[in-house]
Amino acid sequence: MKSQYQNIVNTPRQQPQKYQRSFSQIFVNEENTFQQKGLGLLVAATISATYFLAMPYIGKEYIWPRFLELDDYLQWPKWKMYFVISMIFTLTFIPFANFVYYLIYHFELPFFEQYKVTATPWPWQENKEEWNKLLTKAFKLYFFNYYIVVPIGYFYDVYDSGFDPKFRFDLESFPTTTEIFSQVCIMMLVEDFSFYFIHWFMHNRYIYPYVHKRHHEFRVNVACCFNYFHPIDLFLEGMLPTAIGHAILGKRMHYYTYFCWYIFRVLESMDGHSGYEFPWSPFRLIPFSGSSTYHDFHHSNNIGNFCSFFTFWDTVFGTNSTFYAYQDRLKKEKALQENKTPGGGHSIQQQTGDVKSSKID
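Read in order, the letters of the sequence shown correspond to residues 542 to 902 in my numbering.
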């Protein structure tokens, strides 16, 4: 499949064109991003506020009392409750979220399609036979990962904790909105930091073909590819960064807060892989966050943009320089087309030269 970005990508031996993006420009870009969202910004803020206000109330009044009743009835040790409930939640929530996105893709409503990131057809539209083959591979891998790898990961967590899960479980210390929000922010910062460096490492040319390349078999982003990982990749990029924050917080974190964080993390990743740039996305309300467009560029070209939540580490290490060069090219092309006079002007390639970058296929 040919990427819409293909004209900026050259051979693997060519190095990225030097491109500097100052932190002052980052702030300007952030301001422009928020301005472009328009009313979507208000919707995103409403969704975010509702989530962090409603989740503590619903949990304390309805969910956790039932959880404790079940715990009292079963008389299981806490590690067993943690293991079983975590597995049930994982095996139901992710398929449900994928089903919601399936409905969006299936009905192709203009309301959603107007926010499609690229003009590239969806893979099932371009080549249905190849798409069905990839989907079959994905289902097989999902089954192995979520019925073999994930249980092993949860059990190792139980074993490592001495069969004493490092969570609070009681109702008396049930987390407030402030606690949930602050701890989700901590988890987000820790996850983004660890994910960036692991993701960057997995793109090493000597490692990439054997592990992370599997994830990039989806050249056009769709929500279900967010967890299409080689088992090693699932552990290193999926499970480990998501859990490190809790390892730091320990029993200062309530088990319910971890559910709130897990929901937040999964939905953000699906949003980033969805192929849509919804202006009302609450995840893009986060300052200096990436976007679906940002991550789509990474998938289409295997170049830079390694972050999960924020663009900060990409900016510090210059791994988003090719993406921003491409964005600047688009702006110049648009300005050139708007100001072009009959018989005048030159192509943007003649004026600025090609943006060269490394690519691993």
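Note that beta-carbon positions come from the ideal geometry of N, C-alpha and C, so glycine has one too. This structure is a prediction, so every number in the text was calculated from the model and none was measured.
- Residue state for residue 817 is assigned as strand, using DSSP reduced to three classes.
- Of 737, 715, 783, 767, the smallest CA-CA separation from residue 796 is found for 715.
- Taking every protein chain shown into account, the CB of residue 737 has 16 or more other CB atoms within 10 angstroms, so this residue is buried.
- Using a 10 angstroms sphere on the CB of residue 731, the tally of other CB atoms reaches 16 or more, which defines it as buried.
- Secondary structure note for residue 642: its alpha helix (DSSP H) is the uninterrupted segment 619-648.
- Contact annotation: residue 850 and residue 729 have beta-carbon atoms nearer than 8 Å.
- Residue environment analysis places residue 765 among the buried positions, since at least 16 neighbouring C-beta atoms fall within 10 angstroms of its C-beta.
- Straight-line measurement puts the Cα of residue 864 at about 13 Å from the Cα of residue 833.
- Under the three-pair Cβ rule at 8 Å, the region 685-700 counts as touching the region 619-634.
- Looking at the DSSP output, residue 657 shares a beta bridge with 817.
- With contacts defined by Cβ atoms closer than 8 Å, residue 646 and residue 818 do not form a contacting pair.
- Cβ contact annotation for residue 811 (same chain, cutoff 8 Å, sequence separation greater than five): 638, 639, 642, 764, 767, in chain order.
- Short of 8 Å from the beta carbon of residue 742, and not among the five residues preceding or following it, lie these beta carbons of its own chain, in chain order: 748.
- Within the DSSP bridge table, the entry for residue 709 names 795 as partners.
- Nearest Cα to residue 831 within the set 664, 813, 843: 813.
- Classified as buried, residue 585 has 16 or more neighbouring CB atoms from the shown chains inside 10 Å of its CB.
- With 16 or more other Cβ atoms from the protein chains shown falling within 10 Å of its own Cβ, residue 806 counts as buried.
- Distances from the alpha-carbon of residue 706 to those of 794, 620, 601 put 620 closest.
- Excluding sequence positions up to five before and after residue 594, its CB lies within less than 8 Å of the CB of 718, all in the same chain and listed in chain order.
- Inclusion of residue 624 and residue 699 in the CB contact set at 8 Å is warranted, their separation being smaller than that value.
- If you draw a 10 Å sphere on the C-beta of residue 845, you find 16 or more other C-beta atoms in it, and that means buried.
- About 11 Å separates the beta carbons of residue 774 and residue 744, which is beyond the 8 Å limit, so they are not a contact pair.
- Shown here, residue 849 sits in coil according to DSSP, grouped into three states, outside any helix or strand.
- Per the coordinates, the alpha-carbon of residue 607 lies some 20 Å from the alpha-carbon of residue 794.
- Residue state for residue 833 is assigned as helix, using DSSP reduced to three classes.
- Here residue 854 is actually not in contact with residue 761; their C-beta atoms are around 25 Å apart, not less than 8 Å.
- Residue 605 sits in a helix when the DSSP states are folded into three classes.
- Taking every protein chain shown into account, the CB of residue 778 has 16 or more other CB atoms within 10 angstroms, so this residue is buried.
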